[in-house]
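Heads up, the thing below is written out as structure tokens.
Protein chains in written order, with the numbering used here: chain A, 46 to 625; chain B, 120 to 664.
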């Protein structure tokens, strides 16, 4: 069965901080010079930014001593304007360089992530579920990219501003720095409290939001079901409960933010009081001037903005890091077991050979039991059986998705599987077809569509092969999507084709159409067909009936009918219905 | 009540969507729908913003009066003033934020109630089926419009703060105040000019990023398909190409950001330097005290951010909320009750169903299981007509000889249940999908058995996953069939219920269908011989023209 539940130990790994740091360092190769420039330039430009407060303090002392004139005013104004201009330029360049390095590293990482995601052994992904992998290659990438405008100024300019301003204060008016250090624990406590409380509350808010979106989507997609079963009232209540759950979480989150604000305000108030008291004492002892106190006050005011900023982006920083850990968790999965692929058969006359194969998912019960199957090259075999009989599992063991528990499997290297999963890739019709055969010409593509009976699609779509299909493009019916998959199979031209397509949404007429398409796609190659319709089975060279993981009947259509077993009973019921 | 949200959704009434409202009026109506919250929030926000701007003023005066004079009494007074100021502004900020947050959440909820009853779950099913856009309207647009609540509160407070700064400057030294108040808008305007190009490019870059992220999600979602045809290398190559284009976009965007930061930093710095220099000159001339100079420096630094916030946050917010209001109104257009039936006609508990299709008619007598064989399009038309008999269709549906559209919606739904061909499972467990519409627990068990769910019947409390993706196509279809059978509806319409089910299991279902539907009527649209084989009668419909 396909509905395997992902257990916790099957989940994809998440990297720890150390591994993430190591990987980011490795990916930063080629950008390290840039990063060194960022560090130096960041320190230089924030240091230049110290000039205006110092200039104002200097000016005030000159006024107080009566030594200021027009020249002083002009000098101070010019110094302020010049340093502001230089500081702005330096800061801008710092941020540009840092942003470019950040995005280049992220691009390299996301490319590695997708490449690794697609080359992971399929059973690893099947166990963990594709949902997690999709979320890591999309949501997490977005989270890290979106954090850039918040994170980059913080780790470059803001952090430097705090360090340099404190340093400047210590160098110019050191007693004020000491006074600030006394107040510092207030900020430290605020930050620790926020880190304990904030992320949890925000996670809950985001989770509630995605649950709400999910419920709305389900009501919209399931409109016909809601209507047909009269579920409107019930769905409305469900959606509204989800809507209010967001409100509850959002109010909690805003409360936490407003409590953080209050704590930061307390810190600000204490810092400014400390400046006043220190200034008062120092000036009283002649150890500082009014200008010095003003410089200190301006430096502290300039410090408070970045400190608040730092607090508010810490949450973004944390969730970006969590996303990074999840991405790197995938890119660092060791892929040693590419030797999973079943070997090619020794005798070219026998395309597929299974000898005494057993299989079970994890430690669960055996799904396949003593399967021995030999498919001569060119033969088409149908597998018939009830749900849970092991048909799809047999297909995936032959395909090499799952290694057999015991026994041996041999099949041609060039094998293509079409599963129940219907997926149209966002892009042009051509893109969808050339995925499997990048070098195919347009004529070959048209011929493949024609063979699978999908040539009508070209007339239906406004731009022919250039028509955009998939998410956001022209919608295809499931039957059309399945025809595309079969056309892709034709273009790949494998030795063995395994068809496990169910076409659940296709109507009855379309089923007949797909039967003919599959028939054309299988012509001239070895085929294994998991039959979802009896007509499909009847058209094959041989039919294998499975029950409880074992092969119970095997033979030609007429042979099995004559034998009078399970297949014969099915066929006669089918024929009876046909005649009504 | 004001602070803590109740766990249960509050009972709010939907907004009236009158056709004559322009988006601007709709925004205004939404904003002023809770004046008891908005007005106090606005007054408190003014205290908060003016308080923030007053901090440098108090510091300047304190340095001038206490530090420059060495007067301990003055020091104590001004520290007291500073602390009082912080207490006031912190308290006001806290109250404003909470009032705002609550107002915004209540507004959002009320807008969602409006859209849920009007668009997503219309009572009588006559309204058009909601398209995918409703999801974005109910999440993003609702949030943007509700944020309009903030539009009243914060910008007005900011304008008040600008007024305060202006007044303080004018009081300190009026020519200086005039220069600052005339110069600041010019500085902000020139920064706005610079930011226009940047924000356009940022949107472009965000689209690129969304495209690349979407491509990754798309490729990974098609993982099994890619593995099946061994297109890993080609898929990776394509993704890399998209990723590189996005990186180029990010680099270009960083460059524009740098230019903006450089230019706006320079404008800001030069403006502050110029006003400070002027204040310095007035100080040298003795027209301005040192305290006045310090205050001026503090005020001028507080002025620009306030103006920038209005230009770069409040104005775009207003434009966004108007656009969102327009989308919400469009979504609501044409909704509202369209109930036509005034009296409820008498029909029997299991009525006779007649469906007349051009060229043929189907009659299902009480307790009958009737198969209908038709081409896909005709079958879809019949199913649609039964799902929505009031939608005006060439196919007529009658119950006990009465046209179905004469019945009220709830009356029709209690008699007729239609299981659509396209399966939708809701997230939750298998049982969560069955229980809400099941008539009795016994019937639920019987339905699970009749739908041949043996392979997972033991685990009805297992989650089905998003859209049922933890189940195979065949399993999903059988859960949907069990859901339909468990309703025990007097009249049940099934449309191609076993297309994804293998022939062995399909045969089992055919054998069990009659038993679970005994004494109730069933109309089965299918061309599966196995299913048709178990019907009392089979009607062949002519192909649609």
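All residues carry an ideal CB built from backbone N, CA and C; glycine is no exception. From a predicted model like this one, the values you see are computed outputs, not experimental measurements.
Contact with chain A by residue i, beta-carbon distance below 7 Å
i, result
"residue 561 of chain B", "no"
"residue 167 of chain B", "no"
"residue 346 of chain B", "yes"
"residue 481 of chain B", "no"
"residue 186 of chain B", "yes"
"residue 358 of chain B", "yes"
"residue 294 of chain B", "no"
"residue 205 of chain B", "yes"
"residue 240 of chain B", "yes"
"residue 96 of chain B", "Within the shown structure, residues of chain B are numbered from 120 to 664, placing residue 96 of chain B beyond reach of any answer."
Spatially closest choice to residue i from the options, by CA coordinates
i, options, result
"residue 493 of chain B", "B:648, B:221 and B:507", "B:648"
"residue 440 of chain A", "A:342, A:375, A:397 and A:467", "A:397"
"residue 498 of chain B", "B:434, B:154, B:644 and B:437", "B:644"
"residue 353 of chain B", "A:485, A:298 and A:295", "A:485"
"residue 348 of chain B", "A:538, A:564, A:263 and A:206", "A:538"
"residue 598 of chain B", "B:523, B:426 and B:565", "B:565"
"residue 485 of chain B", "B:466, B:302 and B:434", "B:466"
"residue 260 of chain A", "A:279, A:339, A:610 and A:203", "A:279"
Simplified DSSP state of residue i, which is helix, strand or coil
i, result
"residue 469 of chain B", "coil"
"residue 277 of chain A", "helix"
"residue 577 of chain A", "coil"
"residue 590 of chain B", "coil"
"residue 134 of chain B", "coil"
"residue 615 of chain A", "helix"
"residue 596 of chain A", "strand"
"residue 50 of chain A", "With a pLDDT of 36 at residue 50 of chain A, under the threshold of 50, the predicted position of this residue should be treated as unreliable, and no value is reported."
"residue 120 of chain B", "In this prediction, residue 120 of chain B has a pLDDT of 37, which is less than 50 and means its spatial position is unreliable; what the coordinates show is noted afterwards. DSSP places residue 120 of chain B in coil when its eight states are reduced to three."
"residue 395 of chain A", "strand"
"residue 57 of chain A", "coil"
"residue 602 of chain A", "helix"
"residue 414 of chain A", "strand"
"residue 433 of chain B", "helix"
"residue 584 of chain B", "coil"
"residue 524 of chain B", "helix"
Any C-beta of chain B under 7 Å from that of residue i
i, result
"residue 619 of chain A", "yes"
"residue 335 of chain A", "yes"
"residue 528 of chain A", "no"
"residue 288 of chain A", "yes"
"residue 634 of chain A", "This structure leaves residue 634 of chain A out entirely; chain A is present only between 46 and 625."
"residue 485 of chain A", "no"
"residue 236 of chain A", "no"
"residue 468 of chain A", "yes"
"residue 615 of chain A", "yes"
Contact list for residue i against chain E, beta-carbon separation under 8 Å
i, result
"residue 248 of chain A", "Checking the listed chains, one finds no chain E in this structure; the protein chains it contains are A and B."
Residue i beta carbon near the ligand MN (any heavy atom closer than 6 Å)
i, result
"residue 472 of chain B", "Looking at this structure, you won't find the ligand MN or any other ligand, since it has none at all."
Fully enclosed by the segment 479-551 of chain A, which beta strand (DSSP E) runs are 3 residues long or longer? Runs of beta strand (DSSP E) with 3 or more residues, each lying fully within the segment 479-551 of chain A, are found at 541-544, listed in chain order.
Select from the segment 535-569 of chain B all residues with a C-beta closer than 9 Å to any C-beta belonging to chain A, and list them in chain order. Listed by position along the chain: 535, 536, 537, 538, 539, 540, 541, 542, 543, 544, 545, 546, 555 and 556.
Members of the segment 625-659 of chain B near chain A, C-beta cut-off 8 Å: So the close ones are 626, 627, 629, 645, 646, 647, 648, 649, 650, 651, 652, 653, 654 and 657.
Contained alpha helix (DSSP H) runs [length at least 4] in the segment 256-300 of chain A, N- to C-terminal order: Taking only runs of at least 4 residues, the alpha helix (DSSP H) segments lying wholly in the segment 256-300 of chain A are 268-273.
Just to confirm the assignment: which complete beta strand (DSSP E) runs, minimum length 3, are found wholly within the segment 151-228 of chain A? With a minimum length of 3 residues, no continuous beta strand (DSSP E) run stays inside the segment 151-228 of chain A.
Cβ-based contacts, 7 Å cut-off: residues of the segment 555-588 of chain A near chain B: Per Cβ criterion, the list reads 555, 556, 576, 577, 578 and 579.
Taking a cut of 8 Å between CB atoms, which residues from the segment 98-111 of chain A lie near chain B? If the cut-off is 8 Å between Cβ atoms, the segment 98-111 of chain A has 101, 104, 105, 108 and 109 near chain B.
Under 8 Å (Cβ pairs) to chain A, residues found in the segment 417-442 of chain B: Those would be 417 and 420, in chain order.
Under 9 Å, CB to CB, which of the residues in the segment 364-398 of chain A have a partner in chain B? Those residues of the segment 364-398 of chain A that come within reach of chain B (Cβ to Cβ, closer than 9 Å) do not exist; the list is empty.
If you measure beta-carbon to beta-carbon, which residues of the segment 166-196 of chain A are closer than 9 Å to chain B? Flagged, chain order: 167, 170, 171, 174, 175, 176, 178, 179, 180, 181, 182, 183, 184, 186, 187, 190, 191, 193 and 194.
Which runs of the alpha helix (DSSP H) spanning at least 4 residues fall entirely within the segment 152-213 of chain B, listed in chain order? With a minimum length of 4 residues, the continuous alpha helix (DSSP H) runs that stay inside the segment 152-213 of chain B are 154-181.
Length at least 4, wholly inside the segment 452-481 of chain A: the alpha helix (DSSP H) runs in chain order: Segments of the alpha helix (DSSP H) lying fully in the segment 452-481 of chain A: 474-479.
Using a Cβ-Cβ cut-off of less than 7 Å, give me the residues of the segment 267-293 of chain A that come near chain B, in sequence order. The segment 267-293 of chain A vs chain B, Cβ under 7 Å: 267, 268, 269, 270, 271, 272, 273, 274, 275, 276, 277, 279, 280, 281, 284, 285, 286, 288, 289, 292 and 293.
Chain-ordered residues of the segment 410-444 of chain A with a beta carbon less than 9 Å from chain B: Answer in chain order: 429, 430, 431, 432, 433, 434, 436, 437 and 444.
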